[in-house]
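Protein sequence lines correspond, in order, to chains A and B.
Count along the first sequence from 1, then add 9; that gives the number in the working numbering.
Count along the second sequence from 1, then add 9; that gives the number in the working numbering.
For each residue, glycine too, the CB sits at the ideal point set by N, CA and C.
2 protein chains.
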Amino acid sequence: MTPPKLELGKRRRSLKVELGERAYPIRIGWDTLQDLGPAVVRATRATQVALVTVPEVGRRYGGSVTRSLRAAGLEVHRFEVPDGDATKNLKQAAKLYDAFLAKGMDRTSAVVALGGGMVGDLAGFVAATFLRGIAFVQVPTTLLAMVDASVGGKVGVNLQQGKNLVGAFHQPKLVWIDARVLETMTRRGISAGLAEVIKAAAIRDSTFFRQLEDSIEALQALDPAHLLPVLERACAIKAAVVARDERESGLRKILNFGHTLGHVVEQASGYRGVLHGEAVAMGMVFAAGRSEDLDYAPPGTQARLAALVERAGLPGALPELPRRVYLEGLRVDKKRVGDRISFVVLKRIGRSAVVPLLPAEILPAAFPRRRD
Amino acid sequence: MTPPKLELGKRRRSLKVELGERAYPIRIGWDTLQDLGPAVVRATRATQVALVTVPEVGRRYGGSVTRSLRAAGLEVHRFEVPDGDATKNLKQAAKLYDAFLAKGMDRTSAVVALGGGMVGDLAGFVAATFLRGIAFVQVPTTLLAMVDASVGGKVGVNLQQGKNLVGAFHQPKLVWIDARVLETMTRRGISAGLAEVIKAAAIRDSTFFRQLEDSIEALQALDPAHLLPVLERACAIKAAVVARDERESGLRKILNFGHTLGHVVEQASGYRGVLHGEAVAMGMVFAAGRSEDLDYAPPGTQARLAALVERAGLPGALPELPRRVYLEGLRVDKKRVGDRISFVVLKRIGRSAVVPLLPAEILPAAFPRRRD
C-alpha cells in the first residue's frame, strides 16, 4: 500500500495517539502558541495549571503562553527550573511537589511543560506522581522534543548512575506543537532534531524517507510548507508504534534504532560535546552497517542512510574510542536482558527488526573501524 | 440476590482482581509463607528479586521467605528499611534505587514487599518508578495491609506536608496472604485491622456485616476457620470496587468511608497515639451519624455500626478537639475539589454513596458533641 502523498501548505494539522481511554491529540501549527489556552481547558478540564519551563524559554514564550492560558480562564502558576540534564533529578522534582502544594494545587490541576525534552521529562514525572498523577500537556520547543520526547508518555528523571533510571509512563492529555518557535533554535540543534525524523522514516516508512531526501535542505531552513507535514508524519509514526505497544514490551523497541551505540557515545562524553541527535545519527549509520554485515539489509542501505545523515548536517561515524569502552557501555545498557541486547537492525530503508545480540556480535573484533 | 453462604474451614483460598491485562491473584492461606517462591516465579517471571522489609518482620519471617524464594531458583537481595511512616519518603526511595542498581537489577527483576502498609507503599512506589516500573509482589504481614493496602495498586511516599502526596497506581502481580503471621500481632493491631474489614461490609455487603456480628470475637482470636473466609470476602469487596474504578474517578471513593474525619484525627495527633484503623473506626461511627442526620440512612444505622466497632475493641467517638481543628483538617483534604469534599455516607448497613459536601455540612455547628 502506497501512503497518500503528503499534503503541503496546510498551516494546522492534527493527529491522535490511539490509546483507548488515554488517547490524546497532537496539534501541529505555525505561530499558534497564543491559541494554547482554550485547548488546555478542553483537554484537561483544569481550572489551575502549573506552567513549568526553563529561564531562556520562559523569557521568550512564557509571557504569551501565560496570557493565552489566563485568557482561557485558567489560574496560572509559573515555575522555572534550571536548564540542563544535570537538574533533571529527584531533588528538582521534590522542589516542584513543594511548590505545587504551596500554591494549593490539587488533583484537578494540570501541568503544562513548556520546553525541550528535559522539561517535559521532569515536569511529566512530577505530573505522573503528584497526588498519584495529574493531567499534563506537552508544549515542546525543540525539534527533538516535538518529534520524539513529547509523544509516547515516557517521563522520568536521572540518577547519578545514569539517565532516566527513575520514571513512569504517563500520557499527556495534549501535545501542542508551534513549529515557529524553532526559528530561535541553532542550526546544529535543528540538525540534531532531524536525526530522530530520519530515524522514524528509516525504521517504518520508505516513502517518507524519500520525501526527506527530497526536502532535507528546506527542512533545515524551516520552510513551513515542508516542515509541518514532516512533523506530522514523524509524530504519526511514533504515535502508531506507541499505540501498539505503550509500555515497550515489543514493537516499541524499534524506536531505539541508533540509540544503543548512541547512548554509549553520550555516556563516554559525559553528555558534553555531543548532542543526543548527533549520537543517534552516528549510531544509526553504524547499525545500518551491521545490518548489512549480518545479512539483514541489502548492500547500499548504509550508504543511503549515511548520505541523508550527512546532508542533514549530522556526523555519521562513531568516535574511535577503544572497543572495551563500547563493550562496557553495552554491559550497563538499560535494555539488556541477561547477556543479550535488543539491537535494532534495518531490513531495508523503511523496515526494521529487533534482534537479541551479544555485545561481541554488535561490535565486531575489528571495531571501531568503520565498514566501507 | 443473596450472596452464597461463606464456606468455613478451607485452608487455601484464591481470588482474582479483574483488571484486564493487569489482573492478578490474591492467595490467602494459613502457614503458607514457605510456599511463596514458586508463586513469585509464576507471577513475575523474574530471576532476581529484591525482598524489602523492616527489621522486626525480617527477623521473624525474612529467613523462611528468602529460603522459599531461593529454592524456587530466584536470586534474592534483601533490603531492610527503618520501620515507621516517617521514613516512607523520597529519600528512602532514592536509597532503594541506588541499592537496586548496585545489585545489577534490571527491568526483568521484581520487588517483593514483606511487611505492613508502609513497606508495601514504599517498595511499591520504588517498583512503580524504577526503570519506569518493574513487577512487584505484596506479602502483607498486618491485618490492615492484608485487607486494604495490599489490594488496589495505590503506592506512594509521604512529603513533609502530608501523607501519600507522591505516588502512583501500580498493580502488584500477586498478593500473598499468610494469615498465620497475624499470631505475632498485638490485639490492638488486630482490632485496627478489623476496622477496615467492618468498613468493607458497611459500605457494600449487609450479609457480610451480619457475619462479622456473628463472629467478631472469633476473628479477634484469629480462628482460621472464621478468619480465612473473612479475609477473602474483605479482599473481594475491595477488589471488585478497584476493578470497576482503578484510578478512583468515581466508585472507588466509597472506600474512603470513615477516612475523611479519620485522617484529620491522625493528622491532629501527629500520627502518634492513634492507629489508622482506630481513627477510621471513629470516623465511620461519626459518618454513620451524619448519614442519619442528613436523611441518607434510617435511624439505628449508627447504633448498629457503633456496637460492632465497640465489640471489635475499637473507639467509636472522635476526640473532642475544637471544631476549627476539624475544619482546618478538611480544608487541606487531598480529595477536596473546589469547596466541596467527597464525603461517604451510608444509605443503610451494606450500602453507601459519595456526596459532595461543604465542610460546614460535614461538621454541624454543635460539633464535636456526638449525636445520640
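1) Does B:Q382 get closer than 7 Å to chain A when you measure Cβ to Cβ?
2) Using DSSP's beta-bridge definition, name the partner residues of A:S224.
3) Short of 8 Å in beta carbon distance, which residues of its chain neighbour A:L140, apart from the five on each side in sequence? Order them along the chain.
4) Using a Cβ cut-off of 7 Å (strictly closer), state whether B:V175 contacts chain A.
5) Ordered along the chain, which non-local residues of its own chain (more than five positions away) have a Cβ less than 7 Å from that of A:A201?
6) Report the partner residues of B:A369 according to the DSSP bridge assignment.
7) Could you tell me the boundaries of the beta strand (DSSP E) in which A:H86 lies?
8) Measure the alpha-carbon distance for B:A210 versus A:A277 and round it to whole angstroms.
9) Closest by CA to B:E226, which one among B:V184, B:A316, B:F352 and B:V294?
10) Would you say A:L28 faces chain B, with C-beta separation under 7 Å as the test?
11) Please classify A:P34: does DSSP put it in a helix, a strand, or coil?
12) Could you give the residue range of the beta strand (DSSP E) that holds B:S23?
13) Suppose the cutoff is 7 Å on Cβ atoms and the five residues either side in sequence are ignored; what does the same chain contact list for A:F266 look like?
14) To which residues of the same chain is A:Y280 closer than 7 Å at the C-beta, ignoring the five residues directly before and after it?
15) Check whether the Cβ atoms of B:G165 and B:V175 lie closer than 7 Å to each other.
16) Leaving out the 5 sequence neighbours to the left and right, which residues in its chain are closer than 8 Å to A:R256 when beta-carbon positions are compared?
17) Quick one: does A:Y33 have its CB under 7 Å from some CB of chain B?
18) Nearest by alpha-carbon distance to B:V61: which of B:G129, B:A312 and B:R36 is it?
19) Examine the ligand MG and report whether any of its heavy atoms sits within less than 6 Å of the Cβ of B:E27.
20) With a threshold of 16 other CB atoms inside 10 Å of the CB of B:G71, please say whether the residue is buried or exposed.
21) Please report the straight-line C-alpha distance between B:N173 and B:P181, rounded to a whole angstrom.
22) Cβ of A:T193 less than 7 Å from any chain B Cβ?
23) Which word fits A:Q311, buried or exposed, when buried means at least 16 other C-beta atoms lie within 10 angstroms of its C-beta?
24) Name the residue from B:A290, B:A252, B:L203 and B:G282 whose alpha carbon lies nearest to the alpha carbon of B:T269.
25) My assumption, with CB atoms under 8 Å, is that B:L327 sits in contact with B:V274. Please give the rounded CB distance.
26) On the DSSP letters alone, give me the boundaries of the beta strand (DSSP E) that B:Q180 sits inside.
27) Our contact map puts A:D157 next to A:K262 with C-beta atoms below 8 Å; I'd like the distance itself, whole angstroms only.
28) Less than 7 Å between the C-beta atoms of B:L183 and B:V160, yes or no?
29) A:I37 and A:E319: beta carbons closer than 7 Å?
30) Helix, strand or coil: which one does DSSP assign to B:T11?
31) Can you tell me which residues form a DSSP beta bridge with B:S361?
32) May I ask you to report which of helix, strand or coil DSSP gives B:I143?
33) Thinking C-alpha only, which one of A:V135, A:A119 and A:A81 is nearest A:D107?
34) Should A:V346 be labelled buried (16 or more other beta-carbon atoms within 10 Å of its own) or exposed?
35) Quick one: what does DSSP say A:T151 is sitting in, helix, strand or coil?
36) If we ignore side chains and look at the alpha-carbon of each, how far apart do A:M194 and A:P324 end up?
In brief:
1) Nothing about residue 382 of chain B can be read from this structure; chain B reaches only from 10 to 381.
2) Here residue 224 of chain A is taken as the residue at index 215 of the first sequence, counted from 1. None; A:S224 has no bridge partner.
3) Taking the first sequence and counting its residues from 1, one reaches residue 140 of chain A at position 131. Within the same chain, A:L140 has close Cβ partners D115 and R116.
4) The residue labelled residue 175 of chain B in the question sits at position 166 within the second sequence. A Cβ of chain A is located within less than 7 Å of the beta carbon of B:V175.
5) What you label residue 201 of chain A is simply residue 192 of the first sequence in a count that begins at 1. Here the set comprises L153, L284, H285, G286 and E287.
6) Position 360 of the second sequence, counting from 1, holds the residue named residue 369 of chain B. Within the DSSP bridge table, the entry for B:A369 names no partner.
7) Translated into positions along the first sequence, residue 86 of chain A becomes position 77. Unbroken beta strand (DSSP E) run through A:H86: E84 to E89.
8) As a first step, residue 210 of chain B is located in the second sequence; it is residue number 201 there, counting from the start. As a first step, residue 277 of chain A is located in the first sequence; it is residue number 268 there, counting from the start. Straight-line Cα distance between these residues: approximately 59 Å.
9) Here residue 226 of chain B corresponds to residue number 217 of the second sequence, with the count starting at 1. With distances taken between Cα atoms, B:E226 lies closest to B:A316.
10) Within the first sequence, numbered from 1, the residue matching residue 28 of chain A stands at position 19. Between A:L28 and chain B, the shortest Cβ-Cβ separation is not below 7 Å.
11) Within the first sequence, the letter at position 25 stands for residue 34 of chain A. Residue state, collapsed to three classes: strand.
12) For the purposes of this step, residue 23 of chain B is taken as the residue at position 14 of the second sequence. From DSSP, the beta strand (DSSP E) with B:S23 extends over R21 to V26.
13) For the purposes of this step, residue 266 of chain A is identified with residue 257 of the first sequence, where counting begins at 1. The beta carbon of A:F266 sits closer than 7 Å to the beta carbons of K208, A211, I212, M293, A296, V353 and S361 from its chain, once the five residues preceding and following it are set aside; these are given in chain order.
14) Your numbering for residue 280 of chain A matches position 271 in the first sequence. Counting only residues of its own chain and dropping the five nearest sequence neighbours on each side, A:Y280 has a CB closer than 7 Å to the CB of D94.
15) As a working note, residue 165 of chain B is residue 156 in the second sequence. As a working note, residue 175 of chain B is residue 166 in the second sequence. Cβ atoms of B:G165 and B:V175: closer than 7 Å.
16) By one-based count along the first sequence, residue 256 of chain A stands at place 247. F178, listed in sequence order.
17) As a working mapping, residue 33 of chain A is identified with position 24 in the first sequence. No, its Cβ sits nowhere closer than 7 Å to a Cβ of chain B.
18) By 1-based counting over the second sequence, the position of residue 61 of chain B is 52. Ranking B:G129, B:A312 and B:R36 by Cα distance to B:V61 puts B:G129 first.
19) For the ligand MG, the structure offers nothing, since it holds no ligand at all.
20) In the second sequence, residue 71 of chain B corresponds to position 62, counting from 1. Counting other Cβ atoms within 10 Å of its Cβ, B:G71 reaches 16 or more and is therefore classed as buried.
21) If you number the second sequence from 1, residue 173 of chain B lands on position 164. If you number the second sequence from 1, residue 181 of chain B lands on position 172. Approximately 18 Å, taken between the alpha carbons.
22) Locating residue 193 of chain A in the first sequence gives position 184, where the first residue counts as 1. So, not an interface residue.
23) If you number the first sequence from 1, residue 311 of chain A lands on position 302. Around the beta carbon of A:Q311, a 10 Å sphere encloses 16 or more other beta carbons of the protein chains shown; the residue is thus reported as buried.
24) For the purposes of this step, residue 269 of chain B is identified with residue 260 of the second sequence, where counting begins at 1. Ranking the options by Cα distance to B:T269, first place goes to B:A290.
25) Position 318 of the second sequence holds residue 327 of chain B. Position 265 of the second sequence holds residue 274 of chain B. About 6 Å; that satisfies the 8 Å criterion.
26) Your numbering for residue 180 of chain B matches position 171 in the second sequence. Premise fails: B:Q180 is in no beta strand (DSSP E) and is neither H nor E.
27) Sequence index remark: in the first sequence, residue 157 of chain A carries index 148 (1-based). Sequence index remark: in the first sequence, residue 262 of chain A carries index 253 (1-based). Not quite, the Cβ-Cβ distance comes to about 15 Å (not below 8 Å), so this is no contact.
28) Sequence index remark: in the second sequence, residue 183 of chain B carries index 174 (1-based). Sequence index remark: in the second sequence, residue 160 of chain B carries index 151 (1-based). No. Outside cutoff.
29) Here residue 37 of chain A refers to the residue found at position 28 of the first sequence. Here residue 319 of chain A refers to the residue found at position 310 of the first sequence. Not a contact, by the Cβ cut-off of 7 Å.
30) One-based indexing of the second sequence puts residue 11 of chain B at position 2. Confidence in B:T11 is poor, its pLDDT being 43 and thus under 50, which makes the residue's placement unreliable; the coordinate value appears in the next sentence. In the three-state DSSP reduction, B:T11 falls in the coil class, being neither helix nor strand.
31) Reading the second sequence from its first residue, position 352 is the one you call residue 361 of chain B. For B:S361, which the question treats as bridged, DSSP gives the partners B:L355.
32) Within the second sequence, numbered from 1, the residue matching residue 143 of chain B stands at position 134. Secondary structure at B:I143: coil, using DSSP grouped into helix, strand and coil.
33) Taking the first sequence and counting its residues from 1, one reaches residue 107 of chain A at position 98. Selected option, being the one with the closest Cα: A:V135.
34) Here residue 346 of chain A corresponds to residue number 337 of the first sequence, with the count starting at 1. By the Cβ neighbour-count rule, A:V346 is exposed, with fewer than 16 other Cβ atoms within 10 Å of its own.
35) Sequence index remark: in the first sequence, residue 151 of chain A carries index 142 (1-based). If DSSP states are grouped into helix, strand and coil, A:T151 belongs with coil.
36) Taking the first sequence and counting its residues from 1, one reaches residue 194 of chain A at position 185. Taking the first sequence and counting its residues from 1, one reaches residue 324 of chain A at position 315. Their Cα atoms are separated by approximately 19 Å.
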